[in-house]
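Quick mapping for you: the protein sequence lines, in order, are chains V and D. Under my numbering, the first residue of the first sequence carries the number 462, and numbering increases by one thereafter. Under my numbering, the first residue of the second sequence carries the number 54, and numbering increases by one thereafter. Here a beta-carbon is modelled for each residue, glycine too, at the ideal position from N, C-alpha and C.
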Amino acid sequence: MTDFPPPMGLILELTHRCPLQCPYCSNPLELERANAELPTETWMSVLDQAAEIGVLQVHFTGGEPLSRRDILELVAHAGAKGLYTNIITSGVTLDERMMGRLMGAGVDHIQLSFQDADPEANDMLGGSPGAFAKKRAAAERIRDAGLPLTVNFVIHRRNAGRVPQMIEMAEELGAERTEIAHVQYYGWGLRNRAALLPSRAQLENSTAVVEAARTRLSGRMVIDYVVPDYHAARPKACMGGWARRFINISPSGHAMPCHAAETLPGLSFPSVRENSLADIWNRSEAFLKFRGTDWMPEPCRSCARREIDWGGCRCQAFALLGDDHATDPACELSPDHGVMQAAVAESEEGQARFEFRKMRKEGLLF
Amino acid sequence: MSAAPRISAGHKLRFDQVRNAWVLLGPERAFMPDEPAVEILKLVDGERSTQAIAEDLAARFNAPLETIKADVDTMLADLAARGAIKL
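Here it is in structure tokens:
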């Protein structure tokens with residue numbers, strides 16, 4: 462058997478610990494604890510193997526990756542192996558000293574998240590007073606250090622009207638790149654869907670704002686735009702297709718094609734403690750299960766777009782339909798496409814409140 | 054266009070042994086330039102003008118300068134629009 466083309470990116474969820482509590486967090490509802498996290502030497506070995514099998518970029522994320530005490534060591538090690546290093550951070554602990562140390566470690570890029578362009582709304586959403594001011598300061602530090610700056614805003618029904626102010630703020634901060642990313646409804650986002658899902662009018666408005674800004678800022682700032690599946694006619698090629706481009710590793714070392722894959726039933730995800738990355742990528746049952754098109758039922762199997770969207774998202778099919786082989790209901794060719802409209806209708810009632818992400822208290826059942 | 058283009062901050066052109074190919078890496082993106090694009094990118098150093106780059110390539114590949122210059126401009130403008138090159 463010839464090996465599959467190598468993965469492009471490695472996503473390391475170093476920890477689920479985070480100073481913020483955003484209700485759309487993409488981490489699982491069952492957050493992993495600090496004492497379950499991989500030790501430094503295992504992450505180092507993962508980085509060595511990643512470089513060997515052809516990974517090009519490493520994304521250090523979490524939780525808050527700067528919460529890991531070995532973050533500098535890991536960044537430096539990845540860089541020494543020729544890997545492009547990207548840190549995805551909330552920025553609230555990115556002080557002067559940490560910035561200097563990250564530069565010393567040779568970090569290539571930092572992506573800084575904001576919850577809103579409005580300070581009060583930002584701090585409320587992250588559940589952390591003062592976070593906005595710290596993030597602004599972090600943005601300036603990143604620029605002053607000479608690194609390119611990516612700012613990320615996550616969009617939902619409560620802030621969709623402020624996309625113009627977000628883009629304005631990104632310009633003012635001197636960002637080279639801005640992500641205007643609608644919430645993806647997995648994990649905490651799915652739990653809070655009724656409170657977060659924007660209306661079609663809100664989505665169309667944000668799309669128009671982004672398109673106009675792209676034209677105006679061409680050559681100065683790149684805007685990446687991510688839409689929610691719920692108003693779509695065709696599904697997204699989730700992660701560029703199952704196990705085609707990325708390996709995601711959870712804090713405790715489970716390797717998955719995406720960060721939400723542990724929600725799928727009956728799949729066991731290989732641990733990097735016991736398996737090589739090459740074996741995981743080329744031979745593990747979990748990575749092979751939905752790779753390519755052989756697993757597909759109709760209407761995907763005979764669809765002209767089957768190698769464009771790869772059947773959409775397996776986690777979404779399972780979460781919404783209870784069937785991990787089904788066509789992603791985001792597709793209007795899915796017989797179950799109606800569940801998307803039902804969710805939109807539910808959120809348009811506008812009654813729902815959201816639940817902040819949190820670790821479950823030990824010893825407490827609910 | 055005769056200014057000296059450079060590779061944008063946060064972007065790196067490097068040879069990948071595993072794919073046996075050049076890659077241009079940037080923030081959450083990776084470009085896989087084709088062979089002519091690689092030859093152009095190798096000459097992008099923030100000092101050479103697009104004219105100088107085109108002259109170098111035209112001489113080395115024994116091709117008409119005007120055609121090469123047009124290719125260089127098109128390729129670099131495309132990458133500039135995507136943020137990978139500063140013109």
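When C-beta atoms of the region 598-617 of chain V are compared with those of the region 543-558 of chain V, three or more pairs fall below 8 angstroms, so the two segments count as touching. Per DSSP, the continuous beta strand (DSSP E) segment holding D/LYS65 begins and ends at 65-69.
In this structure, DSSP gives D/ARG59 an extended state, which the three-state scheme calls strand. Taking 8 angstroms as the CB threshold, V/ARG766 stays off the interface with chain D.
With 16 or more other CB atoms across the displayed protein chains lying within 10 angstroms of its CB, V/ASP577 is buried.
By the Cβ rule, the region 736-743 of chain V does not count as touching the region 719-726 of chain V, because fewer than three pairs are nearer than 8 angstroms. The beta carbon of V/PRO467 sits closer than 8 angstroms to some beta carbon of chain D.
Annotation for V/ASP464: no beta strand (DSSP E) segment contains it, and DSSP assigns it neither H nor E. Contact check for D/LEU129 against D/PRO80 fails: the beta carbons are separated by 8 angstroms or more. Secondary structure at V/ALA621: helix, using DSSP grouped into helix, strand and coil. When secondary structure is reduced to three states using DSSP, V/ASN613 falls in the strand class.
When the five nearest sequence neighbours on each side are left out, the beta carbons in the same chain lying within less than 8 angstroms of the beta carbon of V/ARG604 are those of LEU610, LEU634, GLY635, in order along the chain.
At a cut-off of 8 angstroms, the C-beta of D/VAL71 has a neighbouring C-beta in chain V. Counting along the chain, V/VAL553 sits inside no alpha helix (DSSP H), nor does DSSP assign it H or E at all.
V/ASP785 and D/GLU119 have their C-alpha atoms some 55 angstroms from each other.
Close to V/LEU608, with beta-carbon spacing below 8 angstroms, are these residues of chain D in chain order: ALA62, GLY63. Residue nearest to V/SER795 within the set V/ILE548, V/SER763, V/CYS486 is V/SER763 (criterion: CA-CA distance). In the pairwise beta carbon analysis, the region 554-569 of chain V is classified as touching the region 524-543 of chain V: at least three pairs are separated by under 8 angstroms.
Taking every protein chain shown into account, the CB of V/SER729 has fewer than 16 other CB atoms within 10 angstroms, so this residue is exposed. The beta carbon of V/ALA539 sits closer than 7 angstroms to those of LEU508, VAL519, THR546, all from its chain and outside the five residues before and after it, given in chain order. For D/VAL97, the closest Cβ of chain V is not nearer than 8 angstroms.
Counting only Cβ-Cβ distances below 8 angstroms, V/VAL683 has contacts in chain D at ARG135, GLY136, in chain order.
Only those residues of the region 563-575 of chain V whose C-beta falls short of 8 angstroms from the nearest C-beta of chain D are listed: ASP569, HIS570, GLN572.
Per DSSP, reduced to three states, the secondary structure at V/MET717 is strand.
Minimum Cα-Cα distance from V/GLU640 among the listed residues V/GLU672, V/LEU657, V/TYR647 corresponds to V/GLU672. Unbroken alpha helix (DSSP H) stretches of 4 residues or longer found wholly inside the region 718-769 of chain V: 738-744, 746-750, given in chain order.
Looking at the DSSP output, V/SER574 bridges to V/ASN613. Distance from V/ARG766 to V/PHE751 at the Cβ level is roughly 16 angstroms; contact not present, criterion being Cβ atoms closer than 8 angstroms. For V/THR522, no alpha helix (DSSP H) segment is defined; the enclosing uninterrupted segment is the beta strand (DSSP E) at 518-522. Bounds of the beta strand (DSSP E) holding V/HIS643 are 638-643. Taking C-beta atoms under 8 angstroms as the contact rule, V/ARG818 and V/GLN482 qualify, at a distance of about 5 angstroms.
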